[in-house]
Each structure stands twice: as C-alpha cells, then as structure tokens.
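Novice:
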Ligand code: HEC
Ligand code: HEC
C-alpha cells in the first residue's frame, strides 16, 4: 500500500521538476534571442556575430536551469553569441569576465563605442559577477597536464599548434576518441567562423588545421569509454604490436 502511494508521488515530483526546469530554460532562451535580435539587426552585426560561434543554446549549456546559466543568458549574449563555459580553463575566466563587465559598464577599450552601439546594455552587480565566475569555472575546460605528454613537440605538434590558438590546449585524456572526433569537427567550423571575415580567403602562412594528425594524437591518448579495458593495459599491448 505504502509503495503504491510513493511511486505516483515520486513520478509527480519528477515531472513537476522537469517542467519547472524546462520553463526556466525556455525563459533563458527567450532572453538570449531578444538580445541577439538587438545586435544582429544593427550596423555592427557582421563583426559581432564572428566574435564567438553560435555553438551553445540555453538548453545545451551545462547546468541549464541553474542561476549561473540564467545570468549567462541575461548578460553574455548582449554583444555576441552565447559563450560556452567549456571553452576556457578555470583560471582564465575571472579575467575575461572582468574585461566584459568593464565593457558592459561602458568603460575601457571600445567602451564608448560599445555603449553607443548597445544602448540598453545591462551590467551585472558584484554578487552576479561572483556567481557567473563560479559557474564558468565549475564547467570549464580541463587544460593539458604537459608533464604527461613528452611527445607533444614531436607527434603532438599539429595538435599543439592548432589547438591552443583560441583557448588553452585541452587535456587529451579528458575525452573518449568518439568525443574527440565530434569536438575536432566542431573546431574546424569554429576556425572558419572566427578567424575570417565572411567571404575572405585564407591568408598564406595561416596555421592550418590538420585534422588527421590531430585526431591520431587525440585518439591515442583519449580516455577509454566506460566499461572497456583500462587504457594502460591497451596501450602496453598496442606498443608491443608496434615494436614487432
Ligand atoms: C558590451 C558587449 C559585451 C558583452 C555584454 C559581453 N561581451 Fe564578451 N566580448 C565582447 C567583445 C567586443 C569581444 C571581442 C574582443 C575581446 O575578446 O575582448 C568579446 C569576446 C568574448 C570572448 C572571446 C574572447 C576570449 O577571450 O576568448 C568570450 C569568451 C567572451 N567575450 C565571453 C563573455 C562573457 C562570459 C560575457 C558575460 C559575462 C560577455 N562576454 C559579455 C563584448 C561583450
Ligand atoms: C578559432 C578558435 C578555436 C580553435 C583554433 C580551437 N577551438 Fe576549441 N573551442 C573554441 C570555441 C569558440 C569553443 C566553445 C564553443 C564550442 O564548444 O564549439 C571551444 C571549445 C572547445 C572544447 C570544449 C567543448 C565541449 O563541448 O566540451 C574543447 C575540448 C576544444 N575546444 C578543443 C579544441 C581542439 C582539440 C582544437 C584543435 C583541433 C581546438 N579546440 C581549436 C574555439 C577554438
């Protein structure tokens, strides 16, 4: 009897919770869409839309129904696409947020232009800045532990040169081979998106992404998917196979 009551109660709570969170996420997306509509119809739209790629939405950011995600949608889409917390490592975020807050308050580099351009840009108060930084740091990129990769300057060169142009070099063992294939594909798009003015040609000598070399390196050093054999055993075996 007791069980009969508990199960429906639990299901009710779960569904109520899901509804509440999807409501919060939809609200965040609406706020973000309104902000983007403001700058993307203005005379600076071409430049602003290339600052960051359109990579994440209110529902795909981490902890989508948290206060941090709400603040991200309120403040960080006022001049460019929504930033992804996983783009930068934890120690990088406080300085970036400070740089952005200075702009939102209409001071600093391009401050006057920004203010003029944006008109109604809102700036976070101190408590909100603190929350935002905490959220970004908690969901940040894991930077590479270079001591573990003595071959970074030889076999890892393509990866080293291509993948630290916009953010710190990520830790290869932080993702599985499958996840790396998806990430690298997206990074090719990001490079096209961010590095070039629309319609321009590649510049001679511009560092080129060599996806095959980079993927070989990342796949070799990737985290094993859950439930498969431990990486150490596999790599010793494959090294023996290579020696033959
Ligand atoms: C008032 C306009 C404005 C607002 C609001 C704004 N940004 Fe920016 N952002 C810029 C401009 C301009 C650039 C390009 C120049 C630069 O990198 O400083 C930029 C670039 C960036 C970049 C790419 C450069 C890098 O260092 O990786 C990130 C990431 C970023 N902003 C994050 C944020 C976050 C997080 C917020 C919210 C706290 C935010 N921005 C709010 C104007 C703004
Ligand atoms: C042109 C700038 C640029 C270059 C070069 C670049 N990235 Fe990124 N990276 C980004 C941006 C912007 C984001 C956040 C948006 C996204 O995830 O697409 C990001 C996010 C990431 C993330 C976090 C993604 C997630 O969803 O967890 C990883 C991991 C990453 N990059 C790896 C790489 C690797 C590997 C390379 C080299 C192949 C690379 N990046 C090159 C701009 C760049």
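In the working numbering, the protein residues as written are 2 to 245.
The beta carbon of each residue, even a glycine, is placed where N, CA and C say it ideally should be.
Quick check: residue 148 and residue 94, are their CB atoms within less than 8 Å of each other?
Specialist: Taking 8 Å as the Cβ cut-off, residue 148 and residue 94 do not qualify as a contacting pair.
Novice: Can you tell me whether DSSP reads residue 144 as helix, strand or coil?
Specialist: Note: residue 144 maps to strand in three-state DSSP.
Novice: Under 8 Å, do residue 44 and residue 82 count as touching if we go by C-beta distance?
Specialist: It is not a contact, given that the beta carbons lie outside the stated cut-off.
Novice: State the Cα-Cα distance for the pair residue 129 and residue 37, rounded to the nearest angstrom.
Specialist: About 21 Å.
Novice: Under 8 Å between the Cβ atoms of residue 157 and residue 218?
Specialist: Yes. Within cutoff.
Novice: By the DSSP assignment, the alpha helix (DSSP H) with residue 136 in it spans what residues?
Specialist: It spans 127-139 - the alpha helix (DSSP H) in which residue 136 sits, taken as one unbroken run.
Novice: What separation, rounded to the nearest whole angstrom, lies between the Cα atoms of residue 124 and residue 144?
Specialist: Their Cα atoms are separated by approximately 29 Å.
Novice: Along the alpha helix (DSSP H) that carries residue 150, what are the first and last residues, could you check?
Specialist: Premise fails: residue 150 is in no alpha helix (DSSP H) and is neither H nor E.
Novice: So for residue 227, helix, strand or coil by DSSP?
Specialist: Reduced to three states, the DSSP call for residue 227 is coil.
Novice: Using the beta-carbon count (16 or more within 10 Å), is residue 52 buried or exposed?
Specialist: Classification for residue 52: exposed.
Novice: State buried or exposed for residue 198, treating a residue as buried only when at least 16 other CB atoms are found within 10 Å of its CB.
Specialist: Its pLDDT being 44, under 50, residue 198 is placed unreliably by the model, and the measurement read from it follows with that caveat. It is exposed - the Cβ of residue 198 has fewer than 16 other Cβ atoms within 10 Å.
Novice: Return the CA-CA distance between residue 181 and residue 58, expressed in angstroms with no decimal places.
Specialist: For residue 181 and residue 58, the distance between alpha carbons rounds to 21 Å.
Novice: Please list the terminal residues of the continuous alpha helix (DSSP H) segment that includes residue 220.
Specialist: First-last of the alpha helix (DSSP H) with residue 220: 212-222.
Novice: Buried or exposed, going by whether 16 or more other CB atoms sit within 10 Å of the CB of residue 166?
Specialist: Exposed, by the Cβ-count rule.
Novice: Round the Cβ separation of residue 225 and residue 155 to the nearest angstrom and send it over; I've been treating them as touching at under 8 Å.
Specialist: That belief does not hold up - the Cβ atoms of residue 225 and residue 155 are roughly 24 Å apart, past 8 Å.
Novice: With a threshold of 7 Å, establish whether the CB of residue 52 neighbours any heavy atom of ligand 2.
Specialist: Because no heavy atom of ligand 2 lies under 7 Å away, the Cβ of residue 52 does not count as near it: no.
Novice: Could you tell me the distance, in whole angstroms, from the CA atom of residue 23 to the CA atom of residue 214?
Specialist: Computed Cα separation, rounded: 41 Å.
Novice: Which residue or residues does DSSP assign as beta-bridge partners of residue 1?
Specialist: Past the edges of the chain, shown from 2 to 245, lies residue 1, and the structure says nothing about it.
Novice: If I measure Cβ to Cβ from residue 294 and keep anything under 7 Å in the same chain, skipping five residues before and after, which residues do I get?
Specialist: Residue 294 cannot be examined here, being either before or after the span of the chain that is shown, 2 to 245.
Novice: Looking at the secondary structure, which residues open and close the alpha helix (DSSP H) in which residue 97 lies?
Specialist: Looking at the DSSP string, the run of the alpha helix (DSSP H) that includes residue 97 is 94-105.
Novice: Can you tell me whether residue 145 sits near ligand 2, meaning its C-beta is under 7 Å from at least one heavy atom of the ligand?
Specialist: No, since every heavy atom of ligand 2 falls outside the 7 Å radius drawn around the Cβ of residue 145.
Novice: Enumerate in chain order the residues of its own chain whose CB-to-CB distance from residue 85 is below 6 Å, with the five nearest sequence positions on each side excluded.
Specialist: These residues qualify, in order along the chain: 56, 57.
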